[in-house]
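**Student:** The sequence shown begins at 17 in full-length UniProt numbering and counts up one residue at a time.
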Amino acid sequence: DSEQPDQPSEQQQPEPTQAPATKEATFTDLGLDPRLVQAIAKQNFEKPTLVQRTAIPLALDGQDVLAKAKTGSGKTLAYILPVLQSILKRKQTDTTAYTAALILVPTRELADQVFKVIETFTAFCAKDVQTVKLTDKVSDAVQRSLLSNNPDIVISTPARAWQSINSSTLVVDKLTNLVLDEADLVLSYGYDEDLENISRAIPKGVQAIMMSATLTAEVDTLKALFCRNPKVLNLEEKDA
Ligand code: ADP
Ligand code: MG
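1) Determine the extent of the beta strand (DSSP E) in which L203 is found, giving its start and end residues.
2) Work out the CA separation of L82 and K91 for me, nearest whole Å.
3) Using a 10 Å radius around the Cβ and a threshold of 16 neighbouring Cβ atoms, would you call Q68 buried or exposed?
4) Report yes if the CB atom of V188 is closer than 8 Å to the CB atom of N166, and no otherwise.
5) Sort K239, L104, N182 by Cα distance to R160 and report the nearest one.
6) List the whole-angstrom C-beta distance separating L201 from P122, where the pair is believed to meet the contact cut-off of C-beta under 8 Å.
7) Identify which residue in E198, D144, V248, A117 has its Cα closest to the Cα of T109.
8) Beta carbon of T123: closer than 7 Å to some heavy atom of the ligand ADP?
9) If we ignore side chains and look at the alpha-carbon of each, how far apart do V248 and L194 end up?
10) Is T87 helix, strand or coil when you go by DSSP?
11) According to DSSP, is Q129 helix, strand or coil?
12) May I have all residues whose beta carbon comes closer than 7 Å to any heavy atom of the ligand MG, sorted in chain order?
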């Protein structure tokens, strides 16, 4: 009987890798490219928000993520940092120019905002990351010339994105990352057909990150369309 453990419950102790709840992760702990860490430091962002410190490690690990967190909780950076990290890491060995990330947003205003955030966080690696924003303000000719350089990141509404993919102006053959920001709003703008077309046009296995303020039936539809086994983060108001 001496071989029996005295305390069977000992085997159910928490994994040692789990950080104590009181010790919050820092941006440095996320293992990001030093140039991104430098840009974060310049913003005086002390520590990642809840959605950032939960979603970023999963996304860096290559998993699909659907995160629900309230407005103002820092969802933009939660997807921009893993997307930038993935591009910078790949470029260490492969400098071919191709569009690796497509960020879909419901409105032109949001496309402008996301573009500015990317500019801010690529301050120290601007020559390594080209970003193009497709909006209806840009003429077809200008859009064609912008996309002919195979920008690393394209930000667009679903309608413009599909139009560009369908006309072979935007090449998504080598896409690795897809983001749907404000996923709960994107279908309310009537983009369902465009999104279905885009989902069929992009390579299988593209990593999907979806951000939303609410989890609705529409968000579930998009999850089924774009995600494989996503980690669903349903973050409470009080935690955000
Ligand atoms: P959401 O998309 O969830 O509504 P945003 O990504 O627009 O939120 O971020 C809201 C605000 O919080 C922005 O002004 C952004 O600069 C700021 N912010 C984001 N992350 C942090 C952080 N880690 N520390 C401090 N401020 C942050
Ligand atoms: Mg947002």
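Built from N, CA and C at the ideal position, the CB exists for glycine as well.
**Tutor:** Put simply:
1) First-last for L203: undefined, no H or E at that position.
2) 11 Å
3) buried
4) no
5) N182
6) 4 Å
7) D144
8) no
9) 16 Å
10) coil
11) helix
12) T87, K91, T92, D197, E198, M227
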